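Student:
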Ligand SMILES: [Zn+2]
Ligand SMILES: [Zn+2]
């Protein structure tokens with residue numbers, strides 16, 4: 295099969311590789327769309343310790359089942375050859391304390407497609423049947439591939455647990471920032487602000503009903519601050535603008551370490567949370583919201599490209615693209 299293989303920093307090429315052979319508890323999915331994720335850009339640059347070449351990236355995908363393992367068929371009779379599906383790319387043990395308490399994202403045995411397992415930037419991808427979600431008829435395959443990033447946003451909103459009348463600031467209007475605005479909006483917040491440096495992205499923020507702000511000039515404060523970038527400067531901004539007793543949620547993973555004004559956070563009783571990935575409930579809520587149209591990225595904010603254009607797309611996203619999400623389309627499915 296054709297696959298986009300990451301071979302060295304800034305080097306990705308379409309290669310002929312063996313089609314994955316599935317385990318008894320897995321299904322094989324012919325990939326329709328595979329979105330490029332911000333977390334993979336640092337991998338492309340060689341700055342992500344979890345993404346070592348040679349590697350097939352891609353973990354935001356949709357497609358059609360072409361093969362079902364024997365155990366998978368017995369456990370999931372709802373999965374058929376030809377079923378339109380997406381899948382949770384975080385493979386977990388299902389048996390540890392974290393998995394049993396619905397916190398699969400903390401499973402010590404977790405493995406992610408596009409990091410320690412081959413991903414979906416290929417014609418076919420193998421995934422555990424328990425991770426597969428059948429798509430409602432109403433959702434298009436390209437929209438369904440947004441389930442994974444949307445699930446991150448749903449998870450963040452759940453952790454923020456907004457109460458009616460509160461205000462929030464989202465720093466970073468990339469796909470996760472835009473989706474977090476939508477996930478927070480479900481809770482009926484009074485105002486959601488969003489900061490970004492890119493004018494095109496701030497226009498997207500405005501069309502979602504959020505209020506674009508320039509952090510250099512803004513003097514407001516909020517109950518909830520979400521950092522969807524992960525740079526030292528944006529983390530510090532979140533700590534600064536949250537009001538006493540408020541909460542900061544860290545999502546972005548750009549820099550490994552950042553200095554923070556801890557004494558100030560103590561005296562103002564700021565509560566800080568990490569938000570990592572999602573659990574199966576977040577994943578289901580994300581798919582349901584996308585299928586109903588409650589969550590969306592506008593068509594003008596997305597683009598479809600061939601696998602052959604993959605490397606150029608990674609470069610484009612690294613240097614600030616005018617679109618929010620690029621989907622690679624490895625084959626003819628649509
Ligand atoms: Zn992702
Ligand atoms: Zn586990």
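Numbering (the numbering used here), first residue to last: 295 to 628.
Here a beta-carbon is modelled for each residue, glycine too, at the ideal position from N, C-alpha and C.
Being a predicted model, the structure only gives us computed values, none of them experimental.
1. Going by the C-beta, is residue 354 closer than 6 Å to any heavy atom of ligand 4?
2. Between residue 304 and residue 339, how many whole angstroms is the CB-CB distance? I'm expecting something under 8 Å.
3. Which ranges does the beta strand (DSSP E) cover as unbroken runs of at least 3 residues, wholly within the segment 457-487, from first to last along the chain?
4. Could you tell me whether any non-hydrogen atom of ligand 2 is closer than 6 Å to the CB of residue 424?
5. Here's the rule I'm using: 16 or more other beta-carbon atoms within 10 Å means buried, otherwise exposed. How should residue 482 be labelled?
6. At what residues does the alpha helix (DSSP H) containing residue 558 begin and finish?
7. Nearest-angstrom Cα distance between residue 380 and residue 422?
8. At a cut of 8 Å, does the segment 307-314 reach the segment 597-614 through at least three beta carbon pairs?
9. Can you tell me whether residue 560 is buried or exposed, with buried defined as 16 or more other CB within 10 angstroms of its CB?
10. Looking only at C-alpha atoms, which of 488, 624, 366 sits nearest to residue 512?
11. Ligand 2 and residue 481: does the residue's C-beta get closer than 6 Å to at least one heavy atom of that ligand?
12. Out of curiosity, what's the CA-to-CA distance linking residue 499 and residue 520?
13. Using only the heavy atoms of ligand 1, determine whether one of them is closer than 6 Å to the beta carbon of residue 607.
14. Compare the beta carbon distance of residue 506 and residue 470 with 7 Å and say whether it is the shorter of the two.
15. Under the assumption that residue 573 contacts residue 389 (Cβ atoms under 8 Å), give the Cβ distance between them as a whole number of angstroms.
16. Locate the beta strand (DSSP E) running through residue 356, then write down its first and last residues.
17. Could you compute how far the alpha carbon of residue 595 sits from the alpha carbon of residue 351?
18. What does the shell around ligand 2 hold, if a residue joins when its beta-carbon is under 5 Å from any heavy atom?
19. Per the contact definition of three or more C-beta pairs closer than 8 Å, is the segment 441-455 in contact with the segment 566-581?
20. Given that a residue counts as buried once 16 or more other Cβ atoms are within 10 Å of its Cβ, and exposed if not, what is residue 592?
21. Compute the Euclidean distance between the alpha carbons of residue 459 and residue 484, then round it to the nearest angstrom.
Tutor: In this structure, then:
1. The model depicted lacks ligand 4 and carries ligand 1 and ligand 2 instead.
2. The count along the chain shown starts at 1 and reaches residue 304 at position 10. The count along the chain shown starts at 1 and reaches residue 339 at position 45. Rounded to whole angstroms, the Cβ separation of residue 304 and residue 339 is 7 Å, and the two are in contact under 8 Å.
3. Taking 3 residues as the shortest admissible run, the segment 457-487 contains the following complete beta strand (DSSP E) segments, listed from N- to C-terminal end: 461-465.
4. Counted from its first residue, the chain shown places residue 424 at position 130. Incorrect: residue 424 has no Cβ contact closer than 6 Å to ligand 2.
5. As a working mapping, residue 482 is identified with position 188 in the chain shown. Residue 482 should be labelled exposed.
6. Locating residue 558 in the chain shown gives position 264, where the first residue counts as 1. From DSSP, the alpha helix (DSSP H) with residue 558 extends over 556-561.
7. Here residue 380 refers to the residue found at position 86 of the chain shown. Here residue 422 refers to the residue found at position 128 of the chain shown. Cα to Cα, residue 380 sits roughly 12 Å from residue 422.
8. Three or more beta-carbon pairs separated by less than 8 Å link the segment 307-314 to the segment 597-614, which places the two stretches in contact.
9. Sequence index remark: in the chain shown, residue 560 carries index 266 (1-based). Exposure of residue 560 is indicated by the presence of fewer than 16 other C-beta atoms within 10 angstroms of its C-beta.
10. Residue mapping note: residue 512 aligns to position 218 of the chain shown, counting from 1. With distances taken between Cα atoms, residue 512 lies closest to 488.
11. Here the question's residue 481 lines up with position 187 in the chain shown. The beta carbon of residue 481 sits no closer than 6 Å to any heavy atom of ligand 2.
12. As a working note, residue 499 is residue 205 in the chain shown. As a working note, residue 520 is residue 226 in the chain shown. In a straight line, the C-alpha of residue 499 is about 15 Å away from that of residue 520.
13. If you number the chain shown from 1, residue 607 lands on position 313. No, the beta carbon of residue 607 sits no closer than 6 Å to any heavy atom of ligand 1.
14. As a first step, residue 506 is located in the chain shown; it is residue number 212 there, counting from the start. As a first step, residue 470 is located in the chain shown; it is residue number 176 there, counting from the start. The Cβ-Cβ distance between residue 506 and residue 470 does not fall below 7 Å.
15. Translated into positions along the chain shown, residue 573 becomes position 279. Translated into positions along the chain shown, residue 389 becomes position 95. Not confirmed; about 15 Å, so no contact.
16. Counting from 1 along the chain shown, the entry for residue 356 is found at position 62. Under the DSSP assignment, residue 356 falls in the beta strand (DSSP E) whose first and last residues are 354-362.
17. Residue mapping note: residue 595 aligns to position 301 of the chain shown, counting from 1. Residue mapping note: residue 351 aligns to position 57 of the chain shown, counting from 1. Distance between the alpha carbons of residue 595 and residue 351: 22 Å.
18. Ordered along the chain, residues surrounding ligand 2 are 386, 387, 390, 393, 401 [Cβ under 5 Å from any heavy atom].
19. Cβ pair count under 8 Å is three or more, so yes.
20. Working through the chain shown from its first residue, we reach residue 592 at position 298. It counts as exposed.
21. Residue mapping note: residue 459 aligns to position 165 of the chain shown, counting from 1. Residue mapping note: residue 484 aligns to position 190 of the chain shown, counting from 1. If I take the Cα positions, the gap works out to 5 Å.
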